[in-house]
Structure formats: C-alpha cells, structure tokens
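> Sharing a structure below in structure tokens format, with a few things to ask.
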Amino acid sequence: MKVVGSFILGALNETKDMMKETIKFAKLLNPIRVQFTILTPFPGTKLYERVKDRLLTKNWEVYSGLNPTIKLDRVSPKELRRLWIMAYFSFYGRLGKIVENMPHFHIHYLFPRILFAYGKFLLSGRRHIS
C-alpha cells in the first residue's frame with residue numbers, strides 16, 4: 008500500500024518550531040508523496056468567520072492553500088511562506104526520496120530544468136525563495 012501524506016502549516020497559534028516539528032514528522036512517516044498546504048480560510052466556513060478580521064487580503068486568487076492569507080500571532084506571512092517552501096525541499100530533497108520518485112517523473116526532461124533553476128537560485132545570492 009502506498010501512502011500519501013497531507014499536512015497543514017499556519018494554524019493560528021502555531022510557532023516556527025511547531026511547523027518544523029510537523030515537517031520532521033512528515034519525514035519520519037515517510038509517505039510516498041506529501042502535500043504541504045497553508046491554512047486557508049475559505050468564505051462560508053467556520054474558520055473564515057473566526058478569522059475574517061485577521062485576513063491579509065480579499066484577493067481570492069491567492070486563496071489556494073499555497074499563500075498566507077491570515078495574520079498569525081507568532082509567524083510573519085513571509086516566514087510562513089519560507090517554511091512552506093522549506094517543507095518541500097526538506098522532504099523531497101533527501102537522496103532516498105529523489106531516487107524513490109525517479110521512476111514517476113520524466114527525469115530526462117525535468118532534471119536539467121531543476122538543476123538550472125537551483126543553480127540560478129544559488130548564483131542569485133538570495134537566502135530563500137520568495
């Protein structure tokens with residue numbers, strides 16, 4: 008049986024350390040695939056009613072689970088986004104996970120592009136992906 012894990016980052020009272028623990032837990036469980044999303048309050052939900060005074064934007068195009076949309080008490084939107092990106096790099100960047108997933112990707116097509124993007128990022132001198 009192949010297991011897929013789904014994890015949500017950015018709960019209202021969550022700290023950076025708690026998010027890092029969630030990422031470590033995902034790696035410990037080691038599912039075949041993982042999805043990390045950012046807590047997103049969609050209109051019409053109880054969560055939305057609870058946090059509507061803390062919304063960062065009402066631009067519904069960013070309400071995808073990929074962008075911070077709530078002002079958290081302990082983590083800035085920029086830091087939450089960085090942790091979300093780090094979660095994917097941390098999980099899929101392990102050598103064993105790369106090898107495990109190679110048969111599922113057109114590696115001859117993707118690898119050069121990934122390598123180019125990573126090299127471009129390193130050469131840019133930036134410390135994180137925004």
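Using my numbering, you'd call the opening residue of the sequence shown number 8 and step up by one each time. The beta-carbon is built from N, C-alpha and C at its ideal position, and this holds for glycine as well. If you're wondering where the values come from, they're calculated on a predicted model, not measured in any experiment.
Looking at C-alpha atoms only, which residue of Arg57, Leu36 and Gly100 is the closest neighbour of arginine 122?
Contrary to the premise, residue 122 reads as leucine rather than arginine in this sequence. That would be Gly100, whose Cα lies nearest to the Cα of leucine 122.
> Only counting runs of 4 or more residues, tell me where the alpha helix (DSSP H) segments fall wholly within the segment 41 to 123, in order along the chain.
53 to 58, 84 to 99 and 102 to 108
> Let me make sure I understand the geometry here. Which of Thr52, Leu90 and Phe32 has the alpha-carbon closest to that of threonine 44?
That would be Leu90, whose Cα lies nearest to the Cα of threonine 44.
> In whole angstroms, what is the alpha-carbon distance linking leucine 130 and lysine 53?
45 Å
> What's the gap between the Cα of proline 50 and the Cα of glutamate 86?
Cα to Cα, proline 50 sits roughly 24 Å from glutamate 86.
> When burial is assigned at 16 or more other CB atoms within 10 Å of the CB, is glycine 126 buried or exposed?
exposed
> Who are the Cβ neighbours of tyrosine 55 in its own chain at under 8 Å, not counting the five residues just before and after it?
Here tyrosine 55 has Pro48 and Phe49 as same chain residues with Cβ atoms under 8 Å from its own Cβ, once five neighbours each way along the sequence are excluded.
> Expressed to the nearest angstrom, what Euclidean distance is found between the alpha-carbon atoms of serine 137 and arginine 88?
Because serine 137 sits at a pLDDT of 49, beneath the cut-off of 50, its placement in the model cannot be relied upon, and the point is left open.
> Should phenylalanine 96 go down as buried or exposed, given a rule of 16 or more other Cβ atoms within 10 Å for buried?
exposed
> Count the C-beta pairs between the segment 16 to 30 and the segment 71 to 81 that are closer than 8 Å, then say yes if the count reaches three, no if not.
yes
> Measure the alpha-carbon distance for methionine 26 versus valine 11 and round it to whole angstroms.
19 Å
> Using CA atoms only, rank isn't needed, just tell me which of Gly17, Arg40, Met8 and Leu16 is closest to phenylalanine 98.
Ranking the options by Cα distance to phenylalanine 98, first place goes to Arg40.
> If isoleucine 15 and leucine 46 are in contact, beta carbons under 8 Å, what's the gap, nearest whole angstrom?
5 Å
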